[in-house]
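Counted from 1, the sequence shown has number 78 at position 85 by this note's numbering; the numbering is strictly sequential. Using N, Cα and C, we set each Cβ at its ideal position, and we do this for glycine too.
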Amino acid sequence: MPMHAITEVHGEHGLRERFRREIARFGEADQERLRDALDLAGTLHRDDRRTREPYVNHLLRVAIRLAHHYEVRDVDVVIAGLLHDAVEDHAADLAPDAPAAAAGALRVLGERFGARVARLVAAVTNPAWDPARDRHVQYREHLARSLAAEPWARVLKASDFTDNGVGIIYTAGPKTATLARKYRPLVPILRGLIARPDSPVSPSVKRHIGSQLDLAEERFRAILGPS
């Protein structure tokens, strides 16, 4: 059953059960790290919501997609999937006394889950914005640069983007078109990055990601019209 369908039918409980089944293939120490990451994500995002659901559902789908559809067996990557929005959305909660909240939050993640997890989260975390420039252009430039330098972060971002792009049909109201305009220019960027020889997933997974990018583009076209 597709993960958005699991969400619609079984809600957060169903996603948590699916996550539990997916991580059973990891060793016990890794499972403990994954449960710890989910507990932290749930605490940080406990009051956050997407259009019709708790925000943690998005984080669970990103992590499950990594472990199942992308066949990721690298526990650091799945942990980063659970925590990929932690610094961007809750830096001050992670490091309330740090003079630079984002840097402090990344340090906290590094201390708790390891430097590599912190590095992966940093690669998909938006930097401080230059108010004189277009925010969406800055977003695309940052992703293109950071993901080119961090191959596993490309895989993480592909799962996040799939959840947002393919799942855009679950968004309601004027925000739908706003998000479609934000996400649409990322399709060719992600497609090119995932196709690179150093992207650490199998050819079949690359094809799967490509098909999901195609589906996202179809949905953007339906919302916005031809490019």
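Review point. For A146, which of T164, V130, L183 and D90 has the nearest alpha-carbon?
Key: Position 153 of the sequence shown, counted from the start, is the residue given in the question as residue 146. If we check each option's Cα against that of A146, L183 comes out closest.
Check your understanding: Under 7 Å between the Cβ atoms of L53 and L87?
Key -> Here residue 53 is taken as the residue at index 60 of the sequence shown, counted from 1. Here residue 87 is taken as the residue at index 94 of the sequence shown, counted from 1. No, they are not a contact pair.
Review point. Is the segment 60 to 76 close to the segment 158 to 172, with three or more CB pairs under 8 Å?
Key: Remark: fewer than three beta-carbon pairs, one from each stretch, lie closer than 8 Å, so the segment 60 to 76 and the segment 158 to 172 are not flagged as touching.
Check your understanding: CB-CB under 7 Å to A34, same chain, minus the five flanking residues each way: which ones, in chain order?
Key -> If you number the sequence shown from 1, residue 34 lands on position 41. The residues V49, L52, L75, L76 and A79, in chain order, have a CB closer than 7 Å to that of A34 in the same chain once the five nearest residues on each side in sequence are set aside.
Check your understanding: Are I57 and R112 closer than 7 Å when you measure CB to CB?
Key -> The residue given as residue 57 occupies position 64 in the sequence shown. The residue given as residue 112 occupies position 119 in the sequence shown. The answer is no: Cβ separation not under 7 Å.
**Study point:** Minimum C-alpha distance to L149 - residue among D127, H135 and V114
**Key:** Your numbering for residue 149 matches position 156 in the sequence shown. Residue V114 holds the alpha-carbon nearest to the alpha-carbon of L149 among D127, H135 and V114.
Review point. Can you name the start and end residues of the alpha helix (DSSP H) that A85 belongs to?
Key: Position 92 of the sequence shown, counted from the first residue, corresponds to residue 85. Annotation: the continuous alpha helix (DSSP H) that includes A85 extends over A79 to L87.
Exercise for review: Take the Cβ of R44 as the centre, count every other Cβ of all protein chains shown within 10 Å, and call the residue buried at 16 or more, exposed below.
Suggested key: The count along the sequence shown starts at 1 and reaches residue 44 at position 51. Going by the sequence as given, residue 44 is Thr instead of Arg. With fewer than 16 other CB atoms across the displayed protein chains lying within 10 angstroms of its CB, T44 is exposed.
Practice item. Just confirm the distance between the C-beta atoms of A116 and E143, as a whole number of angstroms; I'd bet it's less than 8 Å. Key: Residue numbering aside, residue 116 sits at position 123 when the sequence shown is read from its first letter. Residue numbering aside, residue 143 sits at position 150 when the sequence shown is read from its first letter. Correct: roughly 4 Å between the Cβ atoms.
Review point. Can you give the Cα-Cα distance for L99 and P89, rounded to whole angstroms?
Key: Here residue 99 refers to the residue found at position 106 of the sequence shown. Here residue 89 refers to the residue found at position 96 of the sequence shown. Answer to the nearest angstrom: the Cα atoms are 12 Å apart.
**Study point:** Opening and closing residue of the alpha helix (DSSP H) in which D32 lies
**Key:** By one-based count along the sequence shown, residue 32 stands at place 39. D32 -> alpha helix (DSSP H) spans E21 to L37.
Practice item. Measure the C-alpha to C-alpha separation of R177 and R14 and round it to an integer number of angstroms. Key: Locating residue 177 in the sequence shown gives position 184, where the first residue counts as 1. Locating residue 14 in the sequence shown gives position 21, where the first residue counts as 1. Their backbone Cα atoms lie some 33 Å apart in a straight line.
Practice item. Would you check if the segment 180 to 197 and the segment 23 to 42 touch, i.e. whether three or more CB-CB distances between them fall below 8 Å? Key: Here the segment 23 to 42 makes no contact with the segment 180 to 197; the two share fewer than three CB pairs at distances below 8 Å.
Check your understanding: Under three-state DSSP, which class holds R42?
Key -> The residue labelled residue 42 in the question sits at position 49 within the sequence shown. Strand, per DSSP.
Check your understanding: Shortest alpha-carbon distance to H38 belongs to which of S152, A22, E21 and A84?
Key -> Residue 38 sits at position 45 when you count from the first residue of the sequence shown. With distances taken between Cα atoms, H38 lies closest to A84.
Practice item. To the nearest angstrom, report how far apart V180 and E210 are at their CA atoms. Key: As a position in the sequence shown, residue 180 is number 187, starting the count at 1. As a position in the sequence shown, residue 210 is number 217, starting the count at 1. Using only the alpha carbons, I get a separation of about 7 Å.
Point to revise | Own chain, CB closer than 7 Å to E81, minus 5 neighbours either side, in chain order | key: Along the sequence shown, read from residue 1 onward, the residue named residue 81 stands at position 88. Beyond the five residues adjoining it in sequence on each side, E81 comes within less than 7 Å, by CB distance, of T118 and N119 in the same chain, given in chain order.
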